[in-house]
Each structure stands twice: as C-alpha cells, then as structure tokens.
Amino acid sequence: MSNISRDEVAHLAKLARMAVTPEELDTFAGQLDQILDAVAEVGEVAGDDIPPTSHAVPLTNVFRTDEVRPGLSQDAALAGAPAAEEGRFRVPRILGEQQ
Amino acid sequence: MSDLTRLTAAELAEKIHTGEVTAAEVTQAHLDRIAAVDGDVHAFLHVDAEGALETARAVDADLAAGRAPVSPLAGVPLALKDVLTTRGVPTTCGSKTLEGWLPPYDATVTRRLREAGVPVLGKTNMDEFAMGSSTENSAYGPTHNPWDLDRIPGGSGGGSSASLAAYEAPLAIGTDTGGSIRQPAAVTATVGVKPTYGGVSRYGLVAFSSSLDQAGPCGRTVLDAALLHEVIAGHDPMDATSIDAPVPALADAAREGARGDLNGVKVGVVRELSGDGYQGGVLRSFDAAVAQLKELGAEVVEVSCPHFGYALSAYYLIAPSECSSNLARFDAMRYGLRVADDGSHSAEEVMSLTREEGFGAEVKRRVMLGTYALSSGYYDAYYGSAQKVRTLITRDFAAAFEQVDVLVSPTTPVTPFKLGEKVDDPLAMYLNDICSIPANLAGNAAMSVPSGLSDEDGLPVGLQIMAPALADDRLYRVGAAYEAARGPVLDKLGELEAAK
Amino acid sequence: MTTTAELMDYAEVVERYDPVLGLEVHVELSTKTKMFCGCPNSFGGDPNTHVCPVCLGMPGALPVVNGTAVESAIRIGLALNCDIAQWCRFARKNYFYPDMPKNFQTSQYDEPIAFDGHLDVVLDDGEVVRVDIERAHMEEDTGKSLHVGGATGRIHGAEHSLLDYNRAGVPLIEIVTKPIAGMGERAPEVARAYVTALRDLLRAMDVSDVRMDQGSLRCDANVSLMAKGANEFGTRTETKNVNSLRSVERAVRYEMTRHAAVLADGGSIKQETRHFQEADGTTAAGRTKETAEDYRYFPEPDLVPIAPTREWVDQLRATIPEMPWQRRKRIQDDWNLTDEELRDLVNTGAVDLVAATVDAGAAQADARSWWVQYLNQAATARETELADLAITPAEVARVIALVGSGELTHKLARQVVDGVLDGEGDPDQVIEARGLKVVSDDSALLAAVDEALAAQPDVADKIRGGKVQAAGAIVGAVMKATKGQADAARVRELILERVGAA
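Protein chains in written order, with the UniProt record's numbering: chain H, 1 to 99; chain C, 1 to 500; chain W, 1 to 502.
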C-alpha cells in the first residue's frame with residue numbers, strides 16, 4: 001500500500017526539521033518503503049469494533065494539587081543553553097510566525 | 001581481579017552491612033575492574049568514580065556510626081543506563097545531540113538509588129535514544145559482548161548488561177521499550193526485568209516511546225534483580241502514568257522460588273513465539289528450560305496468542321510515532337548541540353542542521369517513519385490501526401492469563417550476532433525484539449533469565465517469563481526456581497581476563 | 001508586496017453579503033501553578049525564573065495535570081451550558097517553534113472537555129443573541145520571544161531572538177464558537193458583545209484575570225462573507241492580535257469591508273492568518289507558509305484520560321456563581337432601575353463594580369452615580385476600562401461614606417478620587433497627603449463667616465430681615481475663602497447663627 005517517494009521523504013524531513021542529504025533521501029526512501037510494506041499488515045487485523053489502546057495503564061483522573069513547587073533558578077535554567085543573554089535563551093533570528 | 005567483583009549484590013550487601021568489607025572497598029574494586037576491562041567492553045560512556053566513592057563513604061560512615069543500612073542494597077554499586085538523568089553528571093542517551101549536557105535534575109530512579117545509598121559507578125552505553133538492538137547505534141561506538149568481543153551485547157541497553165557480564169558492576173539499570181532490558185540480558189547471560197508499565201517512575205527517563213518505555217533492574221541473579229526492583233519501584237507523583245499501588249514483595253518471591261517448588265504454578269508456552277526464524281540451539285535451550293519447570297512441579301500447557309504475530313508491526317508504528325514527537329525537543333534552542341549558529345542562518349535552519357548533525361541514521365529513520373505514520377491521511381491506516389492491534393494483544397494476554405499464571409518463550413530468536421552483521425538491514429535488526437515486544441504493548445511484566453548456552457555456538461540464550469500487570473512477583477518466584485535448578489551458566493569471563 | 005486594501009462601504013457590504021463569524025478565545029487561567037508543573041503561574045517576573053525541567057521541555061521531564069485547571073475548565077464549560085465529556089484525553093499538537101519548549105503543544109484535539117454549549121449575549125439596545133459554543137478545551141501557553149536588532153524590534157529584520165519561558169505551560173482554555181451567521185450589519189457588535197459577555201462571565205467565576213491588555217484573554221476572529229442568497233460559507237480569514245474589546249468590533253468590521261471589496265471585484269479571499277493593527281484599525285496578512293500545516297495530533301501518552309464522574313461535575317456545577325446577566329436582572333429588580341438606568345450601568349461595565357461598592361456599604365444610587373458618571377469619564381479620559389481603573393469598590397465606598405458624614409464635600413471627594421486614580425494611595429492617605437480635610441473647626445470657620453458678613457453688610461441685613469436664601473452669597477464667599485474645604489451646610493448654619501436668624 002505504500003510507495004514512498006523521494007519527494008515524500010523530503011517533505012517528512014522538512015516536517016521533522018532535519019536537513020537530510022540527497023544521499024540520505026535515497027537511502028531512507030528505500031528503507032521507509034520496505035518498513036512500511038512490512039508493517040502495513042496492522043491495517044488488516046482489527047475491525048471497526050476494536051477500540052484503540054493509547055495507554056498501557058488503566059488509569060484515569062491523575063491530577064496534581066495546585067501548589068507551587070520549587071523550580072530552577074535562572075542560572076540553572078540557562079546553564080545548558082548554547083547561548084544566553086539578559087537572562088534569556090539566545091537563538092538565531094526566527095523567521096516564521098507564532099502559530 | 002578482586003574477588004569482590006565476583007560476588008552477587010545480595011552477598012556484597014551482607015558483607016558491607018556486617019562490616020566485613022566497606023562500601024568504599026567494594027566500589028573501588030569495581031572501579032578498578034572497569035579500568036581494567038572497559039577498554040575492551042566499552043560498557044560505560046562516563047565513569048563517575050568520585051561520585052560513587054562519595055556515596056560509598058557516606059554509607060560506610062552511616063554504618064560505622066551504628067545506624068542501620070538505609071536500604072538492603074546500601075553500599076552496593078550500580079551501573080546506570082545513560083538515558084536516566086543524573087544531576088550534574090553527563091547524560092547523553094548515546095547521542096551526539098546531548099554531548100556535554102549536564103542535567104539540572106535527577107530522574108526519580110536516580111533519586112531513589114541515591115536515597116538507598118547505592119553508589120552509581122557511571123553511565124552505560126546504549127543505542128542512541130534507546131533505538132536499537134545491538135548498541136551499534138550509539139554515537140560513541142558500540143559495546144562489545146564480554147562473551148565474545150566481536151559480538152553484539154544486545155540493545156538498546158547493551159552497556160548495562162555487558163557491565164554485569166564483565167563483572168564491572170553487580171547491578172545495573174536498564175530501560176525497556178521493546179526488549180531493551182531483556183534482549184541484552186539474554187545475549188549476555190544476565191537477568192533483566194521489564195516491570196509492569198507504571199511500576200517504576202519514568203520521570204527523568206529520556207523518552208523514546210512514552211507509552212512503552214519502562215525502567216527496570218538488571219543483575220546477575222534473580223534475587224539481585226528483585227532487591228534492586230524494590231529500591232526503584234513505587235508510586236511517583238511526578239509521573240502521571242505511575243501506578244499508585246503497593247509494590248509486591250519481590251525479594252521474598254525470589255527467595256521462595258529459590259527453594260525449588262513450583263507445584264500449583266501453571267505455565268503457558270506461547271505457541272506463536274517459536275518456529276520459523278528461531279535458531280535451533282535457542283529452541284532446544286528453551287525446551288530444556290520448559291522441561292526443568294515441569295520437574296520443579298509446574299503444570300505446563302501450550303497457549304495461543306493469535307495476535308502476537310502482529311506485535312512487531314504495531315510496535316514499529318507506535319514507537320516511531322511517539323519518538324518523532326518526543327525527540328522534537330532536541331532543537332538546539334535550550335540545551336544540547338547547536339551547529340551553524342554563525343549569524344547567516346535562521347533559527348529554523350539551525351534547528352534542521354543541528355538535528356541532521358546530532359541524530360544518527362536509526363534515529364532519523366524512526367523519526368521520519370513516525371512523522372509519516374502520524375500524518376493526516378495516514379493516521380488511521382498506520383498509527384490508529386497499530387493502536388487497535390495493541391488492544392488485541394492485550395486481550396490475548398488477558399485470555400492467556402485466565403488459564404495460566406505465567407507465560408514463557410525464548411527471549412530472543414537468535415544468539416548474539418557479530419557486530420556490523422545487521423547494521424544495514426533495519427528489518428532484520430528489528431526481528432530481535434519479536435518475543436519481547438508483546439509485553440511492552442500490553443504493559444505487563446516480563447523477565448529474561450539465562451537458560452544456558454546454545455548447543456551450536458556456545459553463546460548465551462535467555463528464557464523469557466511474562467506475568468500479568470502488577471504480578472511482577474510471579475516472575476521472581478518462577479525465575480528464581482528455574483535459576484536454582486539450572487545452576488550457574490558457564491562463566492567465560494576468565495577468557496576476557498586472560499586476554500588482558 | 002504590500003498593497004493598500006480596497007474597502008467597500010459598510011452599508012453596501014451588508015446589503016450584498018451575509019457575514020459569518022467564528023470566534024476563538026484563549027483564556028489564561030489564574031491558577032497558582034502552571035498546567036503541567038508546579039511553577040508559579042504569574043504575569044511578569046524576571047525572565048526564566050518561573051521555570052523547571054517540565055516547562056522547559058528538558059529531556060526526561062513529564063507533565064502532571066493541574067487538578068484545579070481541570071475544575072476551572074469544567075466550570076467554564078458548565079457556565080457556557082456545554083456538555084462535559086465523560087471521558088477525554090489530551091493530545092499532542094506537533095509543530096516546531098522556538099517559544100514552545102517541547103515542539104509540541106499539549107492540547108486537546110477531538111475530545112474536548114466541554115462541547116455543544118451556548119452563551120446568551122445582550123447587545124447595546126437590549127436585544128439578546130444566542131451564540132452557540134462548539135467546544136472549550138484545555139491546553140498550555142507558549143513562552144515569549146523578544147526580537148533583537150532590526151529597525152522595528154519586531155520579528156522581521158531581527159538579528160537574533162531571546163526566549164523567556166515564564167509563560168510556557170500556563171493553563172489556557174480555548175473557547176470556540178460555532179459559526180455565527182445571520183447577524184447582518186450587527187455582526188461586529190455581536191463579536192464585541194460576545195467577548196464582553198465571556199469576559200464578564202469568566203471574571204464572575206474568578207477563573208481568570210481576563211486582561212486583554214496583558215494577554216490573559218485573547219481573541220482570534222474568523223470572518224467570511226457569503227453573497228446574499230448563497231448557502232455555502234465563503235473563505236474565511238483568521239485575524240489575530242486583537243487586544244481590546246473595541247478592537248474585536250473594529251477587526252471584524254474591517255475584514256468585512258475588505259472581503260467585500262475583494263469579492264465584488266471578482267477576486268477570491270485567501271484563507272490566511274491576518275494581524276490586526278491597533279494604530280489604524282486595519283489588518284495585514286501574515287507570512288505565507290510554504291507547506292500546509294500537518295500537526296500530527298495523537299493522544300498524549302504521558303497523561304492518562306480524564307473521566308469526570310457525575311458527582312464531581314455536580315459538585316462543580318454547584319460552585320458556579322450567578323451569571324452576570326442573571327445578576328443584572330436581579331439587580332434591576334432589587335434596585336428598582338429603569339431599563340435605561342440598567343443599560344447605562346451595563347454599557348459602562350459598572351454592574352459588578354457598583355454591586356461591590358454597595359457590598360462595601362454604599363447606597364446604590366451614590367455608588368451608581370460615581371461609577372457611571374465621574375469614574376466612567378475618568379476611564380474614558382485615561383483610555384482604559386472602568387474595571388481597570390486604579391480604584392477599588394471599597395475605596396469608592398469609603399469616599400461616599402466620607403461625603404455622607406460631612407467630612408468631604410463633593411468637590412473634595414472628586415479630588416480624593418483623582419488622587420487614588422493617580423496612585424497616591426487609598427482615600428484616607430490622599431486626604432492626609434493633599435490636606436483635603438473639611439474644615440470643621442468652628443472657630444476658624446466663624447472668623448471666615450464674620451469676615452464675609454462684614455464684607456457684604458447689605459446681604460447680612462437681608463438675612464437678618466428674613467431673606468434666609470440670601471445666605472447663599474455668604475456661603476459662597478466663605479467657601480471661596482476656605483478653598484472649598486468647609487462643609488457648606490455647617491457654614492450656612494453658622495451664618496444664620498451669627499446674624500441671629502437661626
């Protein structure tokens with residue numbers, strides 16, 4: 001059922017924000033195709049009456065009380081940052097707009 | 001080589017707590033062992049000698065002051081998989097993208113180990129972000145199987161299991177998403193347990209596939225695994241999927257099992273987890289193990305789990321889907337690797353270039369696979385269908401556990417293969433997890449315990465025992481009974497020693 | 001690339017087209033902590049000081065749902081007459097953006113906590129319009145980015161950006177209406193009235209600060225036009241950045257006139273996001289995205305489903321206060337107001353303020369007079385909402401009490417109120433600081449009275465002769481001499497006493 005093209009792989013890489021190389025596009029196109037062929041059988045097993053399972057535990061309503069807990073200091077928050085400035089994470093210029 | 005490294009965790013704990021040896025001596029002995037052999041094995045990505053000795057000395061001071069040990073494992077050192085955060089100690093997940101990152105917080109498992117007085121020797125090697133079955137996907141080079149340094153130690157937690165098999169640590173922590181504790185345990189002749197999902201907190205476990213990931217204990221004996229399991233298990237309010245129920249008495253179950261009586265225990269052999277694709281020596285080892293269980297008094301029946309055959313496919317949709325989302329946070333903005341920040345690239349470009357640079361091939365493959373499976377138009381056919389298969393597999397388990405107390409199968413279909421043998425064939429690599437994946441999908445508990453060596457290649461084979469959710473104690477009872485009856489698996493580590 | 005949009009005359013727009021609106025309102029809840037972690041949920045603060053591994057999206061960190069936020073969500077749903085889901089999940093909305101630490105937003109997708117409700121909205125002339133609610137769901141806010149360099153400080157032309165995650169993870173409720181059609185020329189007014197009603201309701205429930213200026217209430221307005229007689233909706237645009245109630249109305253009206261001009265010219269509307277420009281009341285197109293968004297929603301595996309029990313929902317239902325419009329009806333009856341008086345009260349946004357002032361001890365007529373007249377003028381002059389004035393109902397009540405006891409004149413009272421509005425402190429502090437005490441020392445007053453009488457002997461004679469009303473001129477002189485700080489009634493008494501007419 002799948003036949004994943006190089007263009008589709010390029011689109012996926014874009015969605016996933018990975019600047020893959022042309023060689024990788026070729027490799028991944030072949031491999032994804034192969035894997036998707038192998039796993040497509042999942043579509044043939046379960047009927048409409050089978051509910052999907054999203055969680056492996058039968059829990060519901062797990063909540064936290066609305067109480068402040070100690071967090072990180074500004075220094076600790078920024079300690080691992082590639083760049084910081086004025087107490088903020090410094091990043092290259094952002095092109096896109098907020099959603 | 002110091003004798004101390006040959007002892008089990010239970011034995012070490014007794015010697016430390018009775019004052020026969022100090023925790024510092026035990027920790028130092030293992031640090032020495034690491035220094036001696038890890039150049040060959042490469043089980044560790046980072047050794048924290050000072051941190052481990054500091055914890056050990058604190059335990060010693062406590063004992064010297066006449067206080068009771070803070071836990072049954074106080075002073076017994078451990079190797080921690082590098083996927084669990086450790087405050088101020090590097091945590092890389094085997095990925096270049098986290099090289100040099102010092103987490104500002106401890107995982108709950110890490111915290112519990114510290115509170116239990118367990119010295120953490122260091123962080124163990126793993127397939128990048130726990131994706132793999134051979135540890136060859138580590139950005140820092142593979143771990144070698146101590147049984148044969150040319151062979152894989154399993155994955156993703158190859159470092160943890162190899163550290164046990166090489167006597168570098170008496171205890172280790174792994175994480176298991178599709179078999180990453182059990183498969184390495186099987187191929188290194190050690191014990192590994194994937195607890196019931198929700199039994200051990202995932203807080204601070206860097207997520208691969210959130211609905212499948214579970215941290216668990218690794219040891220050289222069933223009792224050692226049980227003791228460690230009790231230290232790390234229990235409800236954690238920081239993990240919404242953590243089960244708020246008492247942890248069963250696991251060490252007691254192991255001790256009871258070790259008495260060798262399985263009368264009244266019903267064992268189911270899963271028909272679907274054998275046959276084509278399984279190595280002859282693995283199947284013969286498994287049959288011998290089943291015969292041994294019968295001799296111990298267990299009633300053995302064959303059960304059918306008809307949807308297990310679809311587990312691998314469901315897994316290779318669910319896990320990549322979740323990972324494509326979980327790994328989105330590695331974007332070069334707040335922590336970790338950043339490349340191409342030279343003023344000429346936008347934030348978006350830096351993200352893409354960094355992710356390209358920072359992730360290995362298997363991670364990229366799975367991220368793209370998951371991105372595809374979640375895309376609009378494909379969701380129902382792939383991710384949605386896989387979640388339905390998950391329901392069917394859970395029902396298979398439920399039906400089987402109506403008939404039997406535990407299920408058994410080989411842990412892996414084959415013995416450890418050579419490094420590099422399957423690295424270019426993702427599908428062949430994925431088949432390693434065919435027996436272990438069903439328990440992850442359903443969330444129940446499973447163990448791998450050594451079942452000897454394959455008669456055709458002399459390499460380790462594991463017996464997988466599976467129990468219902470929250471019945472982890474059954475694994476320990478059956479596993480310990482079998483372990484006691486089987487006797488020790490031939491220890492080949494002498495050869496590694498001779499090679500030094 | 002920018003073109004000045006052609007606009008159609010509004011009368012013509014509504015003659016030729018039927019507008020269809022869809023309003024998406026984001027409300028920041030005023031819980032103590034964030035949606036999924038225990039960091040403080042508070043506006044402002046030094047950057048990156050209300051953060052932890054969870055809201056920074058650090059590897060390994062896990063979310064845990066704030067139970068109070070869920071309660072607020074259910075209460076909001078109930079107040080909007082929604083059904084409450086018996087079972088629902090969070091979902092991950094996957095897209096990359098630097099202000100979003102995990103690069104997915106934890107939200108709800110096809111299983112909102114509340115759905116299928118309505119809100120009755122009262123327009124300025126008293127007409128009631130029912131707005132149907134599609135859903136209300138829970139999600140989390142993003143961090144904030146600061147764009148450095150470039151001419152405008154805005155995103156375009158910036159050299160780099162700085163990120164502050166204090167706001168990341170703040171609980172949000174997104175409330176989405178069903179298409180609002182058939183409103184004709186009143187569509188912009190309906191949009192404003194709806195957001196106003198929603199704001200009043202949320203304020204009455206005490207679940208949010210509902211400050212549009214601070215972003216705790218945000219409105220995105222979807223607008224489309226369909227030609228009269230058509231039965232399919234037109235293509236819509238979504239206008240963001242609408243930061244005040246007035247802007248909601250302006251933005252809708254502007255988009256209607258813009259759409260109509262494009263459509264009448266044979267053009268077609270591009271489905272896009274637009275940004276409202278407060279300065280000139282226009283909208284501008286956002287950046288066009290290269291690829292269609294594909295958010296790849298899937299159930300959040302780190303959070304278990306929410307299954308509110310009937311008992312819990314009933315308990316929450318019992319906590320819902322009287323709705324603002326019900327309250328208005330009751331107040332009209334209790335205070336015996338004419339429709340017109342009530343409308344003044346409602347239109348100035350003074351209902352709750354007057355009620356609170358009455359609760360603080362003032363007579364309702366006095367309270368109403370202060371809020372609807374003097375304070376409303378002050379709000380207009382200061383270009384702010386009545387409720388956002390820096391004076392509390394209790395302070396207004398205190399001023400009223402001081403007037404009642406004769407310690408302040410009306411004129412002085414207004415000065416006191418001005419002082420409070422200017423941040424000089426509470427009424428008593430302002431009186432103290434500005435020296436606005438009514439002169440009540442009779443000896444000082446008597447001197448002023450004697451002086452005034454001596455200065456106008458003819459008037460004094462008239463009073464003595466029985467023309468008591470002539471005392472007004474002397475009162476005026478005394479008040480002038482005391483700079484208005486005397487109690488006029490007392491002055492009058494003293495005058496009459498002095499001339500022997502009392």
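All C-beta atoms in this analysis are idealised placements derived from N, C-alpha and C, irrespective of residue type, glycine included.
With a threshold of 9 angstroms between beta carbons, residue 6 of chain H makes no contact with chain C. Excluding the 5 residues flanking it on each side, residue 53 of chain W has same chain C-beta neighbours closer than 6 angstroms at 61, in chain order. Comparing alpha-carbon positions, the option among W:471, W:446 and W:453 lying closest to residue 486 of chain W turns out to be W:446. Annotation: residue 133 of chain W has no Cβ neighbours in chain H at a cutoff of 7 angstroms; minimum Cβ distance is about 22 angstroms. With contacts defined by Cβ atoms closer than 9 angstroms, residue 72 of chain H and residue 51 of chain W form a contacting pair. Beyond the five residues adjoining it in sequence on each side, residue 81 of chain W comes within less than 6 angstroms, by CB distance, of 117 and 118 in the same chain, given in chain order.
Contacts between residue 66 of chain W and chain H, judged by CB atoms closer than 9 angstroms, involve 63, 64, 65 and 66 in chain order. Taking a C-beta distance under 9 angstroms as the contact criterion, residue 96 of chain W and residue 349 of chain C do not qualify as a contact pair. Near chain W, meaning a CB-to-CB distance below 8 angstroms, no residue of the segment 121 to 132 of chain C qualifies. The beta carbon of residue 351 of chain C falls within 9 angstroms of a beta carbon belonging to chain W, placing the residue at that interface. Contacts between residue 294 of chain W and chain H, judged by CB atoms closer than 8 angstroms, involve 15 in chain order.
Chain C has a Cβ within less than 9 angstroms of the Cβ of residue 103 of chain W.
Residue 5 of chain H is classed as exposed because its beta carbon has fewer than 16 other beta carbons within 10 Å across all chains shown. Checking the DSSP bridge columns, you'll see residue 465 of chain W has no partner listed. For residue 93 of chain H, the neighbours in chain C by C-beta distance under 8 angstroms run, in chain order, 346 and 347. Taking 9 angstroms as the threshold, the shortest C-beta distance from residue 41 of chain H to chain C falls below it. Residue burial annotation: residue 488 of chain C is exposed, with fewer than 16 other C-beta atoms found within 10 angstroms of its C-beta. Between residue 143 of chain C and chain W, the shortest Cβ-Cβ separation is not below 9 angstroms. Spanning the alpha carbons of residue 254 of chain W and residue 123 of chain W requires a straight line of approximately 20 angstroms. Between residue 66 of chain C and the set C:292, C:106, C:19 and C:44, the nearest pair of CA atoms involves C:19.
Put simply, the backbone Cα of residue 491 of chain W is about 28 angstroms away from that of residue 364 of chain W. A check of alpha carbon separations from residue 7 of chain C across C:220, C:391 and C:278 identifies C:220 as the nearest. Sequence-distant Cβ neighbours of residue 85 of chain W in its own chain, meaning closer than 8 angstroms and more than five residues away, are 111, 112, 113, 114, 115, 306 and 308. Within the segment 104 to 115 of chain W, contact with chain C at the beta-carbon level (separation under 9 angstroms) is assigned to 104. Residue 408 of chain C is positioned such that its CB atom lies closer than 9 angstroms to that of residue 268 of chain C.
Check the Cα spacing between residue 133 of chain C and each of C:423, C:453 and C:89: the tightest is with C:423. Contact with chain H is found for residue 52 of chain W, since one of that chain's Cβ atoms lies less than 9 angstroms from the residue's Cβ.
The Cβ neighbour count for residue 3 of chain H, taken over all protein chains shown within 10 Å, is under 16; the residue is labelled exposed. The C-alpha of residue 259 of chain C lies about 24 angstroms from the C-alpha of residue 71 of chain C. With a threshold of 9 angstroms between beta carbons, residue 82 of chain H makes no contact with chain W. For residue 401 of chain C, the uninterrupted alpha helix (DSSP H) run begins and ends at 385 to 403, by DSSP. Residues of chain H whose Cβ lies closer than 8 angstroms to the Cβ of residue 96 of chain W are, in chain order, 17. In the DSSP assignment, residue 329 of chain W falls within the unbroken alpha helix (DSSP H) covering 324 to 335.
Straight through space, the alpha carbons of residue 50 of chain H and residue 298 of chain C are spaced by roughly 35 angstroms. The beta carbon of residue 234 of chain C lies closer than 7 angstroms to those of 247 in the same chain, with the five residues before and after it left out. In the three-state reduction of the DSSP assignment, residue 431 of chain W falls in the helix class.
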